[in-house]
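The next block holds one structure in the form of structure tokens; read it before the comments.
2 protein chains.
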Amino acid sequence: MPRSPRRGVENEGEAWVVETARALFPLETSGVGIGDDAAVLPLGNVVTMDTMVEGVHWDARLSPADVGWKLAAVNVSDIGAMGGRPRWATLSLTLPRPLDRDWVGAFYGGLAEAFAAYGVALVGGDTTRGPARVAALTVGGTVSRPVLRSGARPGDELWVTGELGRSAQAFLRSECSAEALAWFRRPRPPVAFGAALAEAGLPTAMMDLSDGLAADLHRLCAASGCGALVEPYALPTTGTIAEAVAFGEDFELLFTAAAGEDVAICSLAEKFETRVSKVGIVRGSPVVSLIGLEWPRSLFSHFERESS
Amino acid sequence: MPRSPRRGVENEGEAWVVETARALFPLETSGVGIGDDAAVLPLGNVVTMDTMVEGVHWDARLSPADVGWKLAAVNVSDIGAMGGRPRWATLSLTLPRPLDRDWVGAFYGGLAEAFAAYGVALVGGDTTRGPARVAALTVGGTVSRPVLRSGARPGDELWVTGELGRSAQAFLRSECSAEALAWFRRPRPPVAFGAALAEAGLPTAMMDLSDGLAADLHRLCAASGCGALVEPYALPTTGTIAEAVAFGEDFELLFTAAAGEDVAICSLAEKFETRVSKVGIVRGSPVVSLIGLEWPRSLFSHFERESS
Numbered sequence: 125m126p127r128s129p130r131r132g133v134e135n136e137g138e139a140w141v142v143e144t145a146r147a148l149f150p151l152e153t154s155g156v157g158i159g160d161d162a163a164v165l166p167l168g169n170v171v172t173m174d175t176m177v178e179g180v181h182w183d184a185r186l187s188p189a190d191v192g193w194k195l196a197a198v199n200v201s202d203i204g205a206m207g208g209r210p211r212w213a214t215l216s217l218t219l220p221r222p223l224d225r226d227w228v229g230a231f232y233g234g235l236a237e238a239f240a241a242y243g244v245a246l247v248g249g250d251t252t253r254g255p256a257r258v259a260a261l262t263v264g265g266t267v268s269r270p271v272l273r274s275g276a277r278p279g280d281e282l283w284v285t286g287e288l289g290r291s292a293q294a295f296l297r298s299e300c301s302a303e304a305l306a307w308f309r310r311p312r313p314p315v316a317f318g319a320a321l322a323e324a325g326l327p328t329a330m331m332d333l334s335d336g337l338a339a340d341l342h343r344l345c346a347a348s349g350c351g352a353l354v355e356p357y358a359l360p361t362t363g364t365i366a367e368a369v370a371f372g373e374d375f376e377l378l379f380t381a382a383a384g385e386d387v388a389i390c391s392l393a394e395k396f397e398t399r400v401s402k403v404g405i406v407r408g409s410p411v412v413s414l415i416g417l418e419w420p421r422s423l424f425s426h427f428e429r430e431s432s
Numbered sequence: 125m126p127r128s129p130r131r132g133v134e135n136e137g138e139a140w141v142v143e144t145a146r147a148l149f150p151l152e153t154s155g156v157g158i159g160d161d162a163a164v165l166p167l168g169n170v171v172t173m174d175t176m177v178e179g180v181h182w183d184a185r186l187s188p189a190d191v192g193w194k195l196a197a198v199n200v201s202d203i204g205a206m207g208g209r210p211r212w213a214t215l216s217l218t219l220p221r222p223l224d225r226d227w228v229g230a231f232y233g234g235l236a237e238a239f240a241a242y243g244v245a246l247v248g249g250d251t252t253r254g255p256a257r258v259a260a261l262t263v264g265g266t267v268s269r270p271v272l273r274s275g276a277r278p279g280d281e282l283w284v285t286g287e288l289g290r291s292a293q294a295f296l297r298s299e300c301s302a303e304a305l306a307w308f309r310r311p312r313p314p315v316a317f318g319a320a321l322a323e324a325g326l327p328t329a330m331m332d333l334s335d336g337l338a339a340d341l342h343r344l345c346a347a348s349g350c351g352a353l354v355e356p357y358a359l360p361t362t363g364t365i366a367e368a369v370a371f372g373e374d375f376e377l378l379f380t381a382a383a384g385e386d387v388a389i390c391s392l393a394e395k396f397e398t399r400v401s402k403v404g405i406v407r408g409s410p411v412v413s414l415i416g417l418e419w420p421r422s423l424f425s426h427f428e429r430e431s432s
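Chains Z and F, in that order, give the protein sequences.
The first sequence finishes on residue 432 if you use the numbering used here, and the numbering steps up by one all the way, no holes.
The second sequence finishes on residue 432 if you use the numbering used here, and the numbering steps up by one all the way, no holes.
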């Protein structure tokens, strides 16, 4: 069964691949290389790359135009999560022969719609033939105050944007709301809000929720050397707690901010018509807890068994 | 039979894909978007992307380490051809399961060697599983005086670096020189020389020779709105004229410069230990001629028949 597009470490095999790369390639001089949502380059540039493979990251539930949109969305989401603004992109498109021109035209259409919505210019790329459709997108942008995953401090408060679990509902349930389905097909990450938050100096740490709060919050806390307490009933979701934290593809922002910034954060959120919810606190103990509950097992876990 | 890695327009199908993209996506404000070796971004940044697919762009004649080296080389070649200096890269690696760790380790090793040779830092990327090995690399760099394909003017002289046809010999002949085989496996594009040439303001137009002089010179002339006369016996090659102009993967530079710059060009070439040859002239008539000969038919043409 195809997996939906998700970033980060897919499984043990991917973790090994990433660690092997980390060992072989020296870190960028800025010290911000492999491992955050996007890489910060000199002179305020930021860059990210995400790939979608047919049959692995999408199936027939996504139209070709949805695939184009989503590929753009997952990438700009990473730029926004650094506090950056996306500007340009390069696309590598591998396509089987005979060429399905309808598919390519519709895919480009969805990609162009998303690029127009997020202010991204396609500046180049490469087209190759191959045994399956593989689309790799690099998105670059600018950032004045990069926000890493590693800046959370004990006492900070934990916030999320939007609603969690919509893609989980769309992917896992036989029926779901039109809104959940729309988000699964065409997520709209709050990129401009992320950039504005960062430019206002509000978040101490930030990342996007691509693998679910359970996995992603553990990563943020590990990078920051701290722990967190999450209040499950504060999580903004119309679904189950498991759907809200243990699936992913939310493409919402998870960020930490000093206590007492509620007014500044909420007024910025209002300006950008972005919902924000305070869902917990950061603490010194390295334990990451969901108050009163165990963290649900990943709803992807039964697809993940691979002999790697 | 697998094709070797080459960039540019592969065939009619790829030309259609590129034209469709060009029609749908607005050009960068700088006016330099899809179509040159690399895209010039604001603030002196330059970016390129090239993809290699197993069974299409390489076969068992390349070791995994060669594939890694070559993927880096084809990309930095594009940066050098703009007069830029490569700085950073992001890698998208699609791998079948079960994971072949030996392959991945060796591939990374070759990539890291090339990155070290060319001063490139790997800053991020994505690893996914998929039905075949697909490696897409984005390389970014800096450029102070970008050199496009479009600046050649009648009266300019036509130059190439290095030796042409080595990859053709390695790919097509049952036996070839060790040097040809080494270049085919681990091409060493003259990137620093290209950047130095550009910084000295010498080339009026420049590109790298990835599809062979016959195809690439036609592109440079079309972009510049001019034609050219090439002296076949001036072409630096130990092989046939067809191998020198009609195969590709030379990853040498093709550039034009005003007449009378021989001393400046040759002294820079000497400094960078790069061979340069003057091979023809640019003229106003749009015809691109090989003096006394017909342009040989592409040595790839019989692999290119696809029902796209």
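Ideal Cβ positions, reconstructed from N, Cα and C, are used throughout, including at glycine.
Keeping to the same chain, check which residues put their C-beta closer than 7 Å to that of residue i; ignore five residues upstream and five downstream.
i, result
"Z:A366", "P420 and L423"
"Z:V271", "M206, G207, A322, P327, A329 and M330"
"Z:G363", "G289, A292 and Q293"
"F:D161", "T172, D202, A205, M206, M331 and D332"
"Z:L344", "R273, A276, A329, M331 and L378"
Given a threshold of 16 other Cβ atoms within 10 Å of its Cβ, counted over all protein chains shown, does residue i qualify as buried or as exposed?
i, result
"Z:E138", "buried"
"F:D226", "exposed"
"F:I415", "exposed"
"F:L282", "buried"
"F:G192", "buried"
"F:D340", "buried"
"Z:E385", "buried"
"Z:A338", "buried"
"Z:S409", "exposed"
"Z:A304", "buried"
"F:C300", "buried"
"F:T153", "Any reading at F:T153 must be qualified, since the residue scores a pLDDT of 41, below 50, and its modelled position is unreliable; no value is offered."
"Z:A302", "exposed"
"F:S391", "exposed"
Who are the Cβ neighbours of residue i in its own chain at under 6 Å, not counting the five residues just before and after it?
i, result
"Z:S201", "P313, D332 and F375"
"F:V142", "none"
"Z:S348", "S274, A276 and A329"
"Z:P285", "The sequence shown places Thr at residue 285 of chain Z, not Pro. Contacts found: P314, E376, L377, T398 and V400."
Kindly list the residues whose CB is nearer than 8 Å to the CB of residue i, restricted to its own chain and excluding five residues on each side of it in sequence; keep chain order.
i, result
"F:A189", "A230, F231, G233, G234 and E237"
"Z:M393", "Strictly speaking, residue 393 of chain Z in this sequence is Ala, with Met absent from that position. Only T285, F317, R399 and V400 meet the Cβ criterion."
"F:L186", "K194 and R309"
"F:E355", "V403, G404 and I415"
I believe residue i touches residue j by the beta-carbon criterion, under 8 Å. Please report the beta-carbon distance rounded to the nearest angstrom.
i, j, result
"Z:A93", "Z:A388", "Nothing can be reported for residue 93 of chain Z, as the shown portion of chain Z is limited to 125 through 432."
"Z:C350", "Z:R277", "7 Å"
"Z:P327", "Z:E373", "Between Z:E373 and Z:P327 the Cβ distance is about 22 Å, and since that is not below 8 Å, they are no contact."
"F:F396", "F:A346", "The pair is not a contact, with the Cβ atoms about 29 Å apart (cut-off 8 Å)."
"Z:R257", "Z:P220", "7 Å"
"Z:V244", "F:T144", "Contact doesn't hold; Cβ gap of about 18 Å is too wide."
If you measure between the beta carbons of residue i and residue j, is that distance less than 7 Å?
i, j, result
"Z:A322", "Z:F308", "no"
"F:G254", "Z:V180", "yes"
"Z:A370", "Z:G336", "yes"
"F:D280", "F:V406", "yes"
"F:M176", "F:A306", "no"
"F:A368", "F:L417", "no"
"Z:L353", "Z:S298", "no"
"F:N199", "F:L261", "yes"
"F:A196", "F:F239", "yes"
"F:L165", "Z:W212", "yes"
"F:A163", "Z:G168", "no"
| query | Does the pairing of the segment 229 to 247 of chain F with the segment 217 to 233 of chain Z give three or more beta-carbon distances under 8 Å? | reply | no
| request: Decide yes or no for the touch test of the segment 166 to 182 of chain F against the segment 263 to 273 of chain F: beta carbon pairs closer than 8 Å, at least 3 of them. | output: yes
| query | Touch check for the segment 352 to 366 of chain Z and the segment 399 to 416 of chain Z: three-plus C-beta pairs under 8 Å? | reply | yes
| query | Are the segment 211 to 220 of chain Z and the segment 286 to 300 of chain Z in contact at 8 Å, needing three or more beta carbon pairs? | reply | no
| task | Count the C-beta pairs between the segment 205 to 212 of chain Z and the segment 197 to 212 of chain F that are closer than 8 Å, then say yes if the count reaches three, no if not. | result | no
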